[in-house]
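Heads up: the structure comes next, in structure tokens.
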Amino acid sequence: MTKQPLLDVKNLVTEFIIPEGIVYAVNGISFNVNPGETLAVVGESGCGKSVSMLSVMGLIPTPPGIIVDGEAIYGNKNLFKLAEEEMEQIRGKEIAMVFQDPMTSLNPVLTIGKQITEALICHFDITKNDARDRAISLLDMVGIPEARNRLDDYPHQFSGGMRQRVMIAMALACDPHLLIADEPTTALDVTIQAQIVELVLQLKRQKDMAVIWITHDLGVVAGIADRVNVMYAGYIVEEALVDDLYEDPRHPYTCGLLGSLPRVDHRRERKLCSIPGSPPSLLVKPVGCPFRPRCQYSKEICQFETPKLRETSRGHHVACWIDIQSGEQISGS
Amino acid sequence: MGILNIMIAESTPNLFVDDLETPPLPLTTLAWKRFKRHRMAMLGGVFLILLVLYSFGGSLFVEEKYANFTNPPIRLNTPSWQHPFGTDTVGRDVLARTIYGGQISMIIGILAVIIETSLGILIGALAGYYGGTIDSLLMRFTEAMLNIPEIFLLIVMAKFFGNKIPNLTLLGRTFSGSVVVIIVIIGLTSWMYLARIVRAEFLSIKENDFILAAKATGTSNTEIIIRHILPNSIAPIIVSATLGIANAILSEAYISFLGLGVQPPTATWGNMLDGANNYIESAPWLWFFPGLLILLTVLSINFLGDGLRDAIDPHSRAI
Chain P
114 MTKQPLLDVK
124 NLVTEFIIPE
134 GIVYAVNGIS
144 FNVNPGETLA
154 VVGESGCGKS
164 VSMLSVMGLI
174 PTPPGIIVDG
184 EAIYGNKNLF
194 KLAEEEMEQI
204 RGKEIAMVFQ
214 DPMTSLNPVL
224 TIGKQITEAL
234 ICHFDITKND
244 ARDRAISLLD
254 MVGIPEARNR
264 LDDYPHQFSG
274 GMRQRVMIAM
284 ALACDPHLLI
294 ADEPTTALDV
304 TIQAQIVELV
314 LQLKRQKDMA
324 VIWITHDLGV
334 VAGIADRVNV
344 MYAGYIVEEA
354 LVDDLYEDPR
364 HPYTCGLLGS
374 LPRVDHRRER
384 KLCSIPGSPP
394 SLLVKPVGCP
404 FRPRCQYSKE
414 ICQFETPKLR
424 ETSRGHHVAC
434 WIDIQSGEQI
444 SGS
Chain B
12 MGILNIMIAE
22 STPNLFVDDL
32 ETPPLPLTTL
42 AWKRFKRHRM
52 AMLGGVFLIL
62 LVLYSFGGSL
72 FVEEKYANFT
82 NPPIRLNTPS
92 WQHPFGTDTV
102 GRDVLARTIY
112 GGQISMIIGI
122 LAVIIETSLG
132 ILIGALAGYY
142 GGTIDSLLMR
152 FTEAMLNIPE
162 IFLLIVMAKF
172 FGNKIPNLTL
182 LGRTFSGSVV
192 VIIVIIGLTS
202 WMYLARIVRA
212 EFLSIKENDF
222 ILAAKATGTS
232 NTEIIIRHIL
242 PNSIAPIIVS
252 ATLGIANAIL
262 SEAYISFLGL
272 GVQPPTATWG
282 NMLDGANNYI
292 ESAPWLWFFP
302 GLLILLTVLS
312 INFLGDGLRD
322 AIDPHSRAI
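Which chain is which? The protein sequence lines are P and B, in order. To get our numbering, take the position in the first sequence, counting from 1, and add 113. To get our numbering, take the position in the second sequence, counting from 1, and add 11.
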């Protein structure tokens, strides 16, 4: 890869120190996003998707959370080394974020106009009136009818889907280079979900920004992503171009996830499979492969050594000791 | 219902589902609607306006000189046409003194609350938002202040600072320097409860998703405190501040009653009561009128505060 990635995260380790012990939320993950690319991060609840993105944004509540190790290179800066004021300049302007629940992510006592212009005023030298005009065009862009009249409305006067559009307008206010969407459709009903997905894709093409889309909906991923990272228990277990992942999943966990999806093109003879067991407690630092207890392929080595990501084909990495096509342990380790 | 839904869907083919909700009311209209339904609060508001008109409008008809004019030969006259509220122990007109005393009492109440609220918000906000060591230090200090009985603190400070400040002339009127002393000491001794309320509000509000969302757009801590958290906790602050005015008027009455507060000839409702206790039966008009005015003011403010709390709660959508 000759192009320099937009964001390059290396060996990120985030832990939370709580009275019960240490929560190992993210255990040394590395990933990168190229300009204009859509990277999907999938995995079940509590696998570290959101925490890793919040770490990058410097929004982990400290205490109890700490970023133990790693670096996040954006441009030529390491985001973890920046002072709070420098980070404020990056948040919203360079990297913006859309959150999961639009019902709670807007301040109930401020009009949406004020909330959208806030980002503009804090990042640009811009007059209030110009900021308002820009806010109106942003609301137009995200498909809110009569944007001019709705600017002075409060969040409770909007429905869930509309609020998520407002959130997107807020995030895009300063034309960020990277948009982190943290399960932006999870709290919405299905028809609205489709609208929001379509909206983000369309805006991404218009503005040529990179998107990191966190989700546990593999259906959405297939439609939007260029590349996919599959996370499990704070590790990235598989990393692949989206077509490769669906055609040729290499990690038992990815296979399990795909096997548990309903398919329209299959007859209903087959029951949906679930992955047996439940994800491990993050309070215990896993020894060996974190997925081993639930894995049907597990061998002796899985108990003792944590697998590293290895390349199986171009751009396709998997962290597993087993070649699941043959069921044999990979050689040369 | 099914048919109705279909009809709606057919008649508005180009609208999103979201547009079908009822047209939203502006927040101020909503608050006013709710406030109007609160009868006692409306009554309190009306009374308070009348009391303010009485104290501040009354000075158009009665001069301050007249209120402070002593005339010993007519001391302790019963209410009459000439002196509707009677005269006091040195022959001053009680009606005129309640008018000018009311001004001072209300000014003391309002200014003391401004000091109280600023201090309470500042300390509560810093403690609640930043937490950790700052929180511990500020809250231990607050608790230490709470441990000293307020009345005791008031009396000691009034005694210590009283008479040290010269008289002030403002807008052509002379105020006893003790007015300033009383305002400051009431403000300095009453912020602790508000600080605790504000801290509790900040602690819970800062955990909201919208604070995280605001941070994610690059909003600074100061902006988050002032623009995002404070407006969300404004309801309890306003209620506390209105009740604070009532309390400040009462506190002023206490210490002035004890003779440590605002010094004559400047009248306040409190210092008019000073000495009236010797004439409880023989000259009831001495304590009845200022007492009644204090009572009405404090009650009106309390009802008003109650109504405001219900009306301005931003989280409530009830009409």
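From the three backbone atoms N, C-alpha and C, an ideal C-beta is built for every residue, glycine too. Since the structure is predicted, the reported quantities are computational estimates derived from the model, not experimental observations.
Checklist entry - I think Ile203 of chain P touches Tyr187 of chain P, with their Cβ atoms under 8 angstroms apart; what is that distance to the nearest whole Å? => result 7 angstroms
Checklist entry - Pro389 of chain P and Ala346 of chain P: beta carbons closer than 7 angstroms? => result no
Checklist entry - So Ile337 of chain P and Val146 of chain P are in contact, right, with Cβ under 8 angstroms, and what is the actual spacing, rounded? => result Not really, about 14 angstroms apart at Cβ, beyond 8 angstroms.
Item to check | Sheet register partners of His353 of chain P (DSSP bridge) | outcome: Note on residue identity: the sequence assigns Ala, not His, to residue 353 of chain P. BP columns for Ala353 of chain P point to P:Val341.
Item to check | Rounded straight-line distance, which links the Cα of Pro420 of chain P to that of Val397 of chain P | outcome: 17 angstroms
Next on the checklist: Once DSSP output is grouped into helix, strand and coil, what is the label at Arg204 of chain P?
Outcome noted: strand
Checklist entry - Near Asp357 of chain P, which residues of its chain fall below 6 angstroms by C-beta distance, leaving aside the five closest residues on each side in sequence? => result His429
Item to check | Val341 of chain P burial status per 10 Å Cβ neighbour count (16 or more: buried) | outcome: buried
Checklist entry - Does the count of Cβ pairs from the region 95 to 114 of chain B and the region 50 to 66 of chain B closer than 8 angstroms reach three? => result yes
Checklist entry - Helix, strand or coil: which one does DSSP assign to Glu32 of chain B? => result Note that Glu32 of chain B scores a pLDDT of 49, beneath 50, so its modelled location is shaky; the value from the coordinates is reported in the next line. It is coil, neither helix nor strand.
Next on the checklist: Just checking: is the beta-carbon of Gly139 of chain B within a distance shorter than 7 angstroms of some beta-carbon in chain P?
Outcome noted: no
Checklist entry - Is the region 283 to 293 of chain P touching the region 198 to 215 of chain P, taking contact as three or more C-beta pairs under 8 angstroms? => result yes
Next on the checklist: Distance check for Glu128 of chain P and Phe193 of chain P, CA to CA, integer angstroms please.
Outcome noted: 14 angstroms
Item to check | Residue-chain proximity (Gly226 of chain P, chain B), Cβ-Cβ < 7 angstroms | outcome: no
Item to check | Segment limits, beta strand (DSSP E) that includes Lys123 of chain P | outcome: 120 to 131
Checklist entry - Among all the DSSP beta bridges, which residues are the ones paired with Tyr137 of chain P? => result P:Glu128
Checklist entry - Is the closest heavy atom of the ligand MN to the C-beta of Ala260 of chain P under 6 angstroms? => result Only the bare structure without any ligand can be found here, which leaves the ligand MN out of the picture.
Item to check | 7 angstroms Cβ shell around Ala278 of chain B - same chain, five flanking residues per side excluded | outcome: Ala78, Arg108, Tyr111, Gly112, Ile115
Checklist entry - With 16 as the cutoff for other CB atoms within 10 Å, does Asn189 of chain P come out buried or exposed? => result exposed
Item to check | Residue range of the alpha helix (DSSP H) that includes Arg318 of chain P | outcome: 303 to 320
Checklist entry - Pro375 of chain P and Ile437 of chain P look like a contact to me (Cβ under 8 angstroms); what is the Cβ gap, rounded to whole Å? => result In fact, because the Cβ distance is near 22 angstroms, the residues do not count as touching under 8 angstroms.
Checklist entry - Ends of the alpha helix (DSSP H) at Tyr141 of chain B? => result 105 to 141
Next on the checklist: With a threshold of 7 angstroms between beta-carbons, can Phe221 of chain B be considered close to chain P, or not?
Outcome noted: yes
Checklist entry - Roughly how many angstroms separate the alpha carbons of Asp321 of chain B and Arg48 of chain B, rounded to a whole number? => result 10 angstroms
Checklist entry - Can the beta-carbon of Phe213 of chain B be found less than 7 angstroms from the beta-carbon of Gly139 of chain B? => result yes
Next on the checklist: So Ile309 of chain P and Thr298 of chain P are supposed to be a Cβ contact under 8 angstroms. How far apart are they, rounded?
Outcome noted: 5 angstroms
Next on the checklist: How far does the beta strand (DSSP E) with Thr151 of chain P in it extend, from its first residue to its last?
Outcome noted: 151 to 155
Item to check | Contacts that Asn262 of chain P makes with chain B (C-beta to C-beta distance below 9 angstroms) | outcome: Near Asn262 of chain P there are no residues of chain B at all, since even the closest Cβ is about 10 angstroms away, more than 9 angstroms.
Item to check | Top-ranked residue by Cα proximity to Asp330 of chain P, from P:Leu316, P:Ile130, P:Val303, P:Asn124 | outcome: P:Val303
Checklist entry - CA-CA distance, Ala353 of chain P and Ile327 of chain P? => result 15 angstroms
Next on the checklist: Determine, for Thr228 of chain B, whether the minimum Cβ-Cβ distance to residues of chain P falls below 7 angstroms.
Outcome noted: yes
Item to check | CB contact below 7 angstroms: Pro247 of chain B versus chain P | outcome: no
Next on the checklist: Please classify Lys170 of chain B as buried or exposed, where buried requires at least 16 neighbouring CB atoms within 10 angstroms.
Outcome noted: exposed
Next on the checklist: For Ile132 of chain B and Ile248 of chain B, which I take to be in contact (beta-carbon distance under 8 angstroms), what is that distance rounded to the nearest angstrom?
Outcome noted: 7 angstroms
Checklist entry - Would the region 228 to 235 of chain B and the region 145 to 159 of chain B be scored as touching if the rule is three or more Cβ pairs under 8 angstroms? => result no
Checklist entry - Nearest chain B C-beta to Met114 of chain P closer than 7 angstroms, yes or no? => result The pLDDT assigned to Met114 of chain P is 46, lower than 50, so where the model puts this residue is not dependable; a value taken from the coordinates is nonetheless given after this. No, Met114 of chain P lies away from the interface with chain B (no Cβ there is under 7 angstroms from its Cβ).
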